[in-house]
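J.: Sending over a structure as structure tokens; questions will come in a sec.
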Amino acid sequence: MRVGFGYDSHVFDEGRPLRLGGVLIPGAPGLRGHSDADALVHALVDALYGAAALGDIGSHFPDTDPRWAGADSLLFLRAAVAEVRAAGYTVGNVDATVLCERPKLRPHIDAIRACLAKELGVPVTSVSVKAKTNEGMDAVGAGRGIAVHCVVLLAFAAGS
Ligand code: MG
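Each residue of the sequence shown is one higher than the one before, starting from 514 at the first, in the numbering used here.
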């Protein structure tokens, strides 16, 4: 078994759509970033790479590379899943906590879980996504953006 931890944060950008966990969240400000700035997927990708000690999202998909400008972050997730599988691991479970004062994410949690589970090739019951505010503290609490913490468990695949 290998555990991995990922963290990411992005500031709001009112001019962009919000994509979180691969799901479009209507009526909410988007996030600033080189790609689609999906902080949840980025934290998950870092957790996957971290569990397998395969570097981090920045080393695989540099934000200086024009190929990733505006990119769908699910592309990064698919690549990370393929790499950890190639290294002999299977994904066990994921647990993520999203911190933001807005928007309210509860109505979107199950869609996000389903999306991530599909990409990871695991049952939706193996993907936990929790959302909470930062109780007004710090930049996230001031409503400037979204931060995400994520852990993932990998197991060696049988026969690898
Ligand atoms: Mg990011």
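Using N, Cα and C, we set each Cβ at its ideal position, and we do this for glycine too.
1. With 16 as the cutoff for other CB atoms within 10 Å, does L655 come out buried or exposed?
2. Just curious, the alpha helix (DSSP H) that C628 is in, first and last residue?
3. As an exercise, report each continuous alpha helix (DSSP H) stretch of at least 4 residues that is fully enclosed by the region 526-597, in chain order.
4. Using beta-carbon positions only, say whether C663 and A556 come within less than 7 Å of one another.
5. Short of 8 Å in beta carbon distance, which residues of its chain neighbour E691, apart from the five on each side in sequence? Order them along the chain.
6. Shortest alpha-carbon distance to V607 belongs to which of R532, A582, H523, V661?
7. When you measure from the CB of G608 to every non-hydrogen atom of the ligand MG, does any distance come out below 6 Å?
8. With distances taken from CA atoms, which of D521, F518, F525, L533 is nearest D623?
9. What residues are listed by DSSP as bridge partners for A609?
T.: Judging by the given coordinates:
1. On the sequence shown, position 142 is the one that residue 655 refers to. For clarity, residue 655 is Ala in the given sequence; the question names Leu instead. Result: exposed.
2. As a first step, residue 628 is located in the sequence shown; it is residue number 115 there, counting from the start. From DSSP, the alpha helix (DSSP H) with C628 extends over 622-633.
3. 552-564, 570-573
4. To locate residue 663, count along the sequence shown from 1; it is residue 150. To locate residue 556, count along the sequence shown from 1; it is residue 43. Their beta carbons are under 7 Å apart, which means C663 touches A556 by this criterion.
5. Only positions 514 to 673 of the chain appear in this structure, which leaves residue 691 out of reach.
6. The residue given as residue 607 occupies position 94 in the sequence shown. For V607, the nearest C-alpha among the options comes from V661.
7. For the purposes of this step, residue 608 is taken as the residue at position 95 of the sequence shown. Before going on, a small fix: residue 608 reads as Asp here, not Gly. Answer for D608: no, Cβ out of range of the ligand MG.
8. One-based indexing of the sequence shown puts residue 623 at position 110. Residue L533 is the option with its Cα nearest to D623.
9. On the sequence shown, residue 609 is found 96 positions in, with the first residue counted as 1. DSSP, once it has assigned bridges, lists V642, C663 as partnering A609.
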